[in-house]
Amino acid sequence: DTIRSTGIKKIVVVTGHKAELVKKFLGDGSNNAIKTVKQKKMLGTADAVNCTRRVLKDFKGDLLVLYGDMPLITPDCITNILRKHQNTQAAATLLTAMSKNPTGFGRIVRDDNGRVIRIVEENDASIYEKVIEEINVGAYCFDAESLFGAIKKVRPNNKKSEYYLTDTISYLSRKGKRIESILTTNMDEAFGVSSRKDLVRAQEIIRKRTLDRFIEKGVTIVDPQTTYIDDRVRISQDTVIHPFTIIEAGVSIGKRCSIGPFCRIEGKTRIADDVKVGNFAHIINSRVKKNSKEAAG
């Protein structure tokens, strides 16, 4: 959804573990849906991108490459990467961030003129490179021809014996190709999910972002700490959401409503303007008329 909101139409997802479940969730690729390709052996990020070559064989232009464990990158950030890449006509543009604790991230190495010349991964970094605070977030835009040409030259000359996508940057730099970068000040966008604990943190950040978006649009949320609203919900201005309320995806709520406390609304429920949903109500797949009052039971 984040990628589609930027106007990108063609999306390819590289799968690996439990590939069939992922493919089932994403669809079969028909009707301009998301296409999937399977990386049969986990040989590294460059190999993963190379697996898309078959479905992109006739593609010419720019490719946005995102790591699959980055759920917090925003549409604005993606748009900024694409704009910088297109305006500078670079071979590659990458997203970076500054971190006082860069452990676990690849470091951005620049020359004396400030140009990006390579990315060194944590496991392969020298003691001098490990103190670099500018990190690789894992979001890139490449000229397709430059990218696939560089991938052919990548070798697994690292401690993990993997084909690193980041090695394409050093190859392109050595060939005199233009490498650009864009700095994000939002470290949440660099957050990667690799455990259930990480997933909980990411979900909480998304929950807060969603509530903030509704508040900015004129919805009153009495207690954000105890309120969950899915980001695919529609709520109109001057509606008040009371504590301990859960509103699931697909719900639409009109203007000047009062919802809760302690209620749950889900399914394809449509609530008109000036409705009061009382304590402990549970509404599923319903249409609630204007000026109605809904109570528990």
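Quick note on numbering: the sequence shown equals residues 397 to 693 in this note's numbering. Even glycine gets a Cβ: it sits at the ideal position worked out from N, Cα and C.
7 Å or more divides the Cβ of A521 from the Cβ of M583. For the options R683, G674, H638, R597, the alpha carbon positioned closest to that of K689 is the one of G674. Relative to R630, the option among N519, K573, G646 whose CA is nearest is G646. Under the 10 Å beta carbon count, T564 is surrounded by 16 or more other beta carbons and is classified as buried. Spanning the alpha carbons of D539 and G656 requires a straight line of approximately 51 Å. Between the stretch 473 to 490 and the stretch 529 to 539, the count of Cβ pairs shorter than 8 Å is three or higher; the stretches touch.
No Cβ-Cβ contact shorter than 7 Å links G534 with M438.
Linking R479 to I680 through their CA atoms gives a straight-line distance of about 43 Å. Rounded to the nearest angstrom, the Cβ distance from K431 to V408 is 5 Å, consistent with a contact under 8 Å.
Contact between E518 and Y560 is absent: CB atoms are separated by about 12 Å, not below the 8 Å threshold. Measuring C-alpha to C-alpha distances from K456 to each of K406, P471, A442, K419 identifies K406 as the nearest. When secondary structure is reduced to three states using DSSP, F544 falls in the helix class. The beta-carbon distance between I611 and R511, rounded to whole angstroms, is 42 Å. This is too long to meet the 8 Å contact definition. When G403, I513, E662, H413 are compared, the shortest CA-CA separation from K573 is found for I513.
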